[in-house]
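In the UniProt record's numbering, the protein residues as written are 1 to 78.
First up is the structure itself, then whatever we jot down about it.
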Amino acid sequence: MICVKDNGIGIPKESLPQIFDRFYRVDKARSRSTGGTGLGLSIAHQIVSLHQGTIDVESELGKGSIFYIKIPIDLNLT
1 MICVKDNGIG
11 IPKESLPQIF
21 DRFYRVDKAR
31 SRSTGGTGLG
41 LSIAHQIVSL
51 HQGTIDVESE
61 LGKGSIFYIK
71 IPIDLNLT
């Protein structure tokens, strides 16, 4: 498992279902020049899915977020 933690502003609960959608940005007031394109989490989700893995998030407003990435490993590979 890979965990990525930040101490940012957090993600509102109502936004959590959309954060892996392409071009989705939590703060609609931020422009692409200051707030990104909304592609990063979508790309990460696609990469993890292609490896039959999962990516989950826990977030608390004012405290930040933790992303959990799980990718299965085949120990029988030679």
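Here a beta-carbon is modelled for each residue, glycine too, at the ideal position from N, C-alpha and C.
For the 8 Å CB-CB criterion, lysine 5 and glycine 64 form a contact. Partner residues in the beta bridge of phenylalanine 67, as assigned by DSSP, are Val4, Val57.
Rounded to the nearest angstrom, the gap between the Cα atoms of glutamate 60 and isoleucine 73 is 30 Å. Assignment of glutamine 18 by DSSP, reduced to helix, strand and coil, places it in the helix class. Taking all protein chains in view, the Cβ of isoleucine 2 is surrounded by fewer than 16 other Cβ atoms within 10 Å, so the residue is classified as exposed. Taking a contact as a CB-CB distance under 8 Å, the pair isoleucine 19 and isoleucine 9 does not count as one, their CB atoms being some 13 Å apart. Separation of glutamine 46 and proline 17 (C-alpha to C-alpha, rounded to the nearest whole angstrom) is 15 Å. In this structure, the alpha-carbon of aspartate 27 lies about 45 Å from that of asparagine 76.
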